[in-house]
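Everything below concerns the one structure shown next.
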Amino acid sequence: MDSTGATRRARTGQRRAASLRQSLSRNWLGYLLVAPLMLWLAGTILYPLISAIRISFLDVGIIGTGGSFVGFENYSKILNSDKFWSALGRSLLWVVSNSVIQTVVAFATALILKQRFRGQGLARVWVILSWIVPTVVVVIIWRWLLGTSGGIVNYALVALGIVSEPVGFFGSGTGAYATVVLINSWRWFPLMAVILLAGMQGIPEDLYEAASVDGASAGMRFRHITFPSLQPVLFVMGLVGTLWSFNVFDVIWLFTRGGPSSATTTVPVFIYDTAFNSYRLSRSAAASVIVGVILLIFAALFIRFMMPPDEKEA
Amino acid sequence: MLDSWRLRRNLGLGLAVLLLMLVVIAPFYWIFSSSVKAPQEIIAQVPTLFPQSFTLQHYDNLLQSSAFPTYLVNSAIVAVLTMIITIVLSSLAAYGLYRMRFPGSDFLFRIILITYAFPGILLLVPLYEMLSSIGLIDTRWALVIVNVTFAAPFAVWMLQAFFRSVPYELEEAAALDGASRLRIMVRIMLPLTAPGIASIAIYAFITSWTEYMFASILIISDANRTVPVGLAGIIGQYQVDWGLLLAGATVTTLPVLLLFGLVGRNFVDGLTAGAVK
Numbered sequence: 099m100d101s102t103g104a105t106r107r108a109r110t111g112q113r114r115a116a117s118l119r120q121s122l123s124r125n126w127l128g129y130l131l132v133a134p135l136m137l138w139l140a141g142t143i144l145y146p147l148i149s150a151i152r153i154s155f156l157d158v159g160i161i162g163t164g165g166s167f168v169g170f171e172n173y174s175k176i177l178n179s180d181k182f183w184s185a186l187g188r189s190l191l192w193v194v195s196n197s198v199i200q201t202v203v204a205f206a207t208a209l210i211l212k213q214r215f216r217g218q219g220l221a222r223v224w225v226i227l228s229w230i231v232p233t234v235v236v237v238i239i240w241r242w243l244l245g246t247s248g249g250i251v252n253y254a255l256v257a258l259g260i261v262s263e264p265v266g267f268f269g270s271g272t273g274a275y276a277t278v279v280l281i282n283s284w285r286w287f288p289l290m291a292v293i294l295l296a297g298m299q300g301i302p303e304d305l306y307e308a309a310s311v312d313g314a315s316a317g318m319r320f321r322h323i324t325f326p327s328l329q330p331v332l333f334v335m336g337l338v339g340t341l342w343s344f345n346v347f348d349v350i351w352l353f354t355r356g357g358p359s360s361a362t363t364t365v366p367v368f369i370y371d372t373a374f375n376s377y378r379l380s381r382s383a384a385a386s387v388i389v390g391v392i393l394l395i396f397a398a399l400f401i402r403f404m405m406p407p408d409e410k411e412a
Numbered sequence: 002m003l004d005s006w007r008l009r010r011n012l013g014l015g016l017a018v019l020l021l022m023l024v025v026i027a028p029f030y031w032i033f034s035s036s037v038k039a040p041q042e043i044i045a046q047v048p049t050l051f052p053q054s055f056t057l058q059h060y061d062n063l064l065q066s067s068a069f070p071t072y073l074v075n076s077a078i079v080a081v082l083t084m085i086i087t088i089v090l091s092s093l094a095a096y097g098l099y100r101m102r103f104p105g106s107d108f109l110f111r112i113i114l115i116t117y118a119f120p121g122i123l124l125l126v127p128l129y130e131m132l133s134s135i136g137l138i139d140t141r142w143a144l145v146i147v148n149v150t151f152a153a154p155f156a157v158w159m160l161q162a163f164f165r166s167v168p169y170e171l172e173e174a175a176a177l178d179g180a181s182r183l184r185i186m187v188r189i190m191l192p193l194t195a196p197g198i199a200s201i202a203i204y205a206f207i208t209s210w211t212e213y214m215f216a217s218i219l220i221i222s223d224a225n226r227t228v229p230v231g232l233a234g235i236i237g238q239y240q241v242d243w244g245l246l247l248a249g250a251t252v253t254t255l256p257v258l259l260l261f262g263l264v265g266r267n268f269v270d271g272l273t274a275g276a277v278k
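Chains as they are written, first to last, in the working numbering: chain V, 99 to 412; chain G, 2 to 278.
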C-alpha cells in the first residue's frame, strides 16, 4: 500500500516535471517568436517616444543645431500659442465631422451590400478601392474632377444651373475645409462599410426571422437587432477610427498645405509644418507630447465609458 | 401584388448599387479615360465622357522624359522589402501569440493593439531624429523601417482569425509523429494560413506604396524618391501638366489593382476578420 502510494507520487512528480519542462520550453519558444517584432517596435516606437520627450526639453531647430536644455520653454510657447489651440479645435471638428459622415454613409453602404444581387461578391471587394490607392492619386483625381477648367463637377453644376460660374472649391477657408472633409470621407467610408458588413453577417439570421414573425418593421429590426449586435464592432471602430482619423495628414497637406490662411491646419499639419517648414524640431516635439497626452486621456475615457459590458469580461 | 413589390424592391436595390459604384468607381474611370486624351481635349470646357482622341504621349512623357521610372523602381523596392519583413515578423509573432499560451502573452497582444492604433504623426520628429543620428536619412532603408513599423502591428491583428481557426489536433498529430515545431510551422501552419499571409502581404505592400508623410522628409535626393512624393512634386509645379499627372496616377494605381485583383477577396476577409472577432 505504502509502496504503491510512493510509486504513484513519484509518477505524478515525473509527469509534473515533464509537463513543466514542456511548458517551459513552449514558453521559451513563444517569447522567441514574439521577440523580433517586439524588439522592432521597441526601437521604432518606444525609443522614439522617449526621445520625443527628451527633444521637447531642448532647443533643437534644424537637426544637428542647438541642443541645450531649456526646461519647459517649448511647452509654455506651445500652450500659449493661438495657432496650436486653433489647430486642436480644427482637429476636433475634423474627427467629429469625418466620423459622422463616414458612419452614416458606411451604414447605408453595408445595408446595400448585405442584400443579394448579381455581382455582389465583386462589389464587396472592389468597394474598398478608394482606400487602397495612394493618397496622391486621390488628390490628383479630385483636383482634376473639381478643377475650374475642364473639371466635370463644375461643368455639371453649371450645366444644371446650380451655380452660374465654376466654383473654386479650395478658394475660401470654409470651402476648403469642407471639401477636404468630404474627400477624406470618400476615401475612408468603404473600409468602415466592409467592417460593418462583416459585423452584420455575424448576426444570426433567425433573430430577424423571429422579429419578422412578431411583426417588427425593417426600422425596428435595425434598431433592436442590428444596432445592438454591432456594439463591439462600433466600439472598436469608434476608438481606432478616431485615432486614425486624427492622424490624417497627407490628404490635407497635398490639397491645401494647411491653407488658405491656416483654415485647414489640423494638429498633424501643425506638427509637420512647425518641424520641417519653420525648422523648430523641439517645439514640434513638445506639441507631439501634449497631443499624445490628450489622446491618451481620450482613449482612457472612451474605454471606460463606451466599452460594451460583455467586452469587459473578456 | 407580390411581384410588383419585388420589382420595386429590385429596382430600388439596383439603383442603390449603381449609385454606390458610381461614387466609388467613376472617379477612377474618369482619370484612366482622360489619361489617353489629347492635351486640348483634357482641358476642353465641355468634358467628354468617352475619349474623342487617343494618344499615348502622356505615358511616353512620363516614362521617357520624367524621373517617374526612378520613383517607380524606388517604390517597388521599398514596398517589396516592407512586405517581406512584415510577413516574417508578423507571422512569427502571430504563431507565438495565437497558438501558444505563455505568461504575459495577453499583455503583449494588448501592446500590439495599442501600436496599431497609435497615431504616427507623434513619431514624426523623434523618428526623423533617430534615423538621422544613425545615418539613414536619404536611404530607402529608412522608409522600409518606418513602413514595417506601421504595417506589422495591424498585420498581426489581421492574422488572428486565420491562426485561431486551425484545429489544434493537426499540430498534435504531427507532434506525435515526431515532427519538430519548425516543421509543424512550415508544413502545417503556413499552408493553412496562406490566405491570411496573402492578406497581410497586400496590406504591407499598400501601406508602403501609399506612404507620403515620412517619405517627404526622410528622402532628400530625387534619385531615392518614391512615387507619392515624386508625383506630389509634379502637382506642385507652376504649370500643371494634367496629361502627365493623369498618366502618373494611372500607372501608380495599376500595381494596386493587379494585386487586389489577385487576392482582394483574402485582403477584405483579413481586414474584417480581425475587427469582428
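No residue lacks a Cβ here, since even glycine has one placed at the ideal position from N, Cα and C.
Check                                                                                                                                                                : Outcome
Assign V:PHE167 to one of three DSSP states: helix, strand, or coil.                                                                                                 : strand
Output needed for G:ASN267: all residues of its chain with C-beta closer than 8 Å, excluding positions within five of it in sequence on either side, in chain order. : PRO196, GLY197, ALA199, SER200, ILE203
G:SER134: buried (16+ other C-beta within 10 angstroms of its C-beta) or exposed?                                                                                    : exposed
Sort out for me which residues DSSP pairs V:LEU156 with in a bridge.                                                                                                 : V:PHE167
Looking at the structure shown, is G:ASP223 part of a helix, part of a strand, or coil, going by DSSP?                                                               : helix
Against chain V, does G:GLU172 count as a neighbour if the rule is that its beta carbon must be under 8 Å from one of theirs?                                        : no
Report the residue from V:SER386, V:PHE325, V:TRP351 whose alpha carbon sits nearest the alpha carbon of V:ALA274.                                                   : V:TRP351
Check each candidate in G:TRP158, G:LEU125, G:LEU219 and name the one with the smallest Cα separation from V:ILE153.                                                 : G:LEU125
I'd like the span of the alpha helix (DSSP H) that includes G:ILE166, first residue to last.                                                                         : In the sequence under discussion, the amino acid at residue 166 of chain G is Ser, which differs from the Ile named in the question. It is not in any alpha helix (DSSP H) - G:SER166 carries neither H nor E in the DSSP assignment.
Could you compute how far the alpha carbon of V:TRP286 sits from the alpha carbon of G:VAL47?                                                                        : 31 Å
Would you verify that the beta carbon of G:PRO104 is, or is not, closer than 8 Å to some beta carbon of chain V?                                                     : yes
For G:PRO154, count neighbouring Cβ atoms within 10 angstroms of its own Cβ and tell me buried if that reaches 16, exposed if not.                                   : buried
So, is V:SER262 buried or exposed, given that buried needs 16 or more other C-beta atoms within 10 angstroms?                                                        : exposed
Give the residues of chain V in contact with G:VAL149, contact being defined as C-beta atoms less than 9 Å apart.                                                    : TRP138, THR142
Alpha carbons only, please: which of V:SER228, V:ARG319, V:GLN299, V:ALA150 is nearest the one belonging to V:LYS212?                                                : V:GLN299
Measuring only the C-alpha atoms, how far is G:VAL269 from G:MET159?                                                                                                 : 10 Å
Give the residues of chain G in contact with V:ARG222, contact being defined as C-beta atoms less than 9 Å apart.                                                    : ARG266, VAL269
Counting Cβ pairs, one atom from each stretch, are 3 or more of them under 8 Å apart for the segment 62-77 of chain G and the segment 220-229 of chain G?            : yes
Buried or exposed, going by whether 16 or more other CB atoms sit within 10 Å of the CB of G:ASP178?                                                                 : exposed
Quick one: give me the first and last residue of the alpha helix (DSSP H) that G:ILE185 is part of.                                                                  : 182-185
Look at the Cβ atom of V:GLY128, then the Cβ atom of G:SER106, and state whether they are nearer than 8 Å.                                                           : yes
Hey, out of G:VAL264, G:MET186, G:GLN41, G:LEU50, whose CA is closest to G:GLN58's CA?                                                                               : G:GLN41
With burial defined as no fewer than 16 other Cβ atoms inside 10 Å of the residue's Cβ, what is the status of G:TYR213: buried or exposed?                           : buried
Considering only the beta carbon of each residue, do V:GLY248 and V:SER359 sit closer than 8 Å?                                                                      : no
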